[in-house]
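Each remark here refers to the structure printed beneath this line.
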Amino acid sequence: MASQVLVAANRGPLSYALSDDGTLSARRGGGGLVSGLSAALAKQPEALWICAALSDADREAVRRGTAEPGVRMLDIDPGVYDGAYNGIANSVLWFTHHHLYDVPREPVFDAAFRRHWEAYEAYNRAFAEALAEEAAQGARVLVQDYHLALVPGQLRELRPDLRIAHFTHTPWASAEFMEMLPDDIRGRLVWGMLGADELGFHDWRWSGHFISGAGRDDAAGIAEPASPANSQERGVWHRRTVPGGSGSGSGYGEKRFTRVRRYPLGVDADDLRALAHRPVVDDKLAALRAEVAGRRTIVRVDRTELSKNILRGLLAYRELLTTHPEWRGQVVHLASAYPSRQDLEAYRSYTASVRELAAEINEEFGTADWQPVLVSVEDDFARSLAAYRMADVALVNPVRDGMNLVAKEIPVVSKEGCALVLSTGAGAYEELKGDALTVNPYDVSATAEALHQALSMPREERAERTKRLAAAATALPPAAWFEAQLEALAGL
């Protein structure tokens, strides 16, 4: 049966496990976004979520024809998936959009890159073809993130009747970083994105980068940053063509407008608070309180992702203890750094550096009854929620981040109130800057002083700031965030 509403994302709302006796069992995915999208899709008749099979068990489920209502998994060749996901999405697009390249050494666009790019195109094409097959006439399609940047353009060629949106959860690169990409590849990316009727970003900064970059990049066709006549809409006018690619277009077609909007994802307060007060979290909280022994806490929760700036955060904490010795023995830094992308050497090295620097701080300042840093590199969401509840200070200092929901989650969960130290690189910066202590993510000394100011903040001020932060954080929770985009497509 054809679907009226479709979501396409690399990761789906469930995963499968394969037991020793060959039995398959499905487990619902976690996280606020999956929960929010699942809740929103449940309200939509004939809705469908298309995702990739990520594990051997997922692929076996596809081969057996196992199907959960409202979900279609794609069994993409593992070699194609690896080339697309690790070779391009995480090693090229992520680094480009987050401005993470060590420029004297990277990037290098060679024959191996071209092979990976072919895999990325094939991976996106698999999604586009599945969407074209499953969508009803005039259906609304919401494509998620940088893994699927080509899907809107590919799908537009297959099904021009569809209303297509794409949402990018990362930043979008500045023109200077986009121009590092080979001309044909950059053009192909922009062409893919402009296949959408609407593009969404968490922050106007990221949408502005896309609009200005598309307007100066004629590799994607005739494009200009503009708005329709008598309209306040932001977006890009363009004509459809296929730059150096394998699509069917030849020459320039009808002029079209792709609207660009901001949808800053928020937090579902009730759901998050319920999760944070489960018995397993209470147990973790009791254990952490015993370790902290009544001291003040500075909390951070991140994946060991290069953009999260964990090392400079630890350096700032060390400088705090150096320049404000009154805090020695009085504060503990609870740093949860979940391992991320450990199949890539850069990430393994970064995770090791986090461990080493934390050990150095403990060696330099620790005493028989005080460990300055309690670092955890285990994926333990219950421990993180417990840390949220006891945070006096939250440190969120990414160099560049699409949103960084942790900056919104901690104020929502905090009972006594916590001061938020927030970098200008966070996508949440514009929404939260009025009640956060804001810092340049590269300025270690300024971050150390902000930590001192946060620890010294009067309890009443901290509580009032936290209330306002929580209100801003819950303005557009996941289900409402998704519904707003669906309604926008319905109005086209």
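Start counting the sequence shown at 8; every next residue gets the next number (this note's numbering).
The beta carbon of each residue, even a glycine, is placed where N, CA and C say it ideally should be.
Owing to the predicted nature of the structure, the values given are computational and were not obtained by experimental measurement.
- In the displayed model, Y130 falls within a helix according to three-state DSSP.
- The bridge partners DSSP lists for R269 are F208.
- In this chain, the beta strand (DSSP E) harbouring A15 covers S10 to A15.
- The DSSP assignment places complete beta strand (DSSP E) segments of no fewer than 3 residues inside the region 405-490 at 426-430 and 444-446, in order along the chain.
- Ranking L44, E53, A47 and P85 by CA distance to the CA of A60 puts P85 first.
- Cβ contact annotation for Q51 (same chain, cutoff 8 Å, sequence separation greater than five): Q11, V12 and L493, in chain order.
- Spanning the alpha carbons of A9 and W56 requires a straight line of approximately 12 Å.
- Note on V115: under 16 other CB atoms within 10 angstroms of its CB, so exposed under the neighbour-count rule.
- Taken atom to atom, the span from the alpha-carbon of Y92 to that of S62 is near 13 Å.
- Counting along the chain, no alpha helix (DSSP H) covers R34; the unbroken beta strand (DSSP E) around it starts and ends at L31 to R35.
- Distance check between V400 and each of E468, N97 and A221 places E468 closest, using alpha-carbon atoms only.
- S463 is classed as exposed because its beta carbon has fewer than 16 other beta carbons within 10 Å across all chains shown.
- Secondary structure of H123 (DSSP, three-state): helix.
- By the Cβ-count criterion, V99 is buried, with 16 or more other Cβ atoms from all chains shown falling within 10 Å of its own Cβ.
- In this structure the region 444-463 touches the region 316-336; the number of beta carbon pairs closer than 8 Å is three or more.
- By the 16-neighbour rule on beta-carbons within 10 angstroms, Q151 is buried.
- Per DSSP, W56 is one residue of the beta strand (DSSP E) stretching across A54 to A59.
- Beta-bridge annotation (DSSP): A137 is not paired with any residue.
- Within the same chain, E205, E240 and G242 come within 6 Å of R266 by CB-CB distance, once the 5 residues on both sides are set aside.
- In this structure, V384 sits near R362, with a CB-CB distance shorter than 9 Å.
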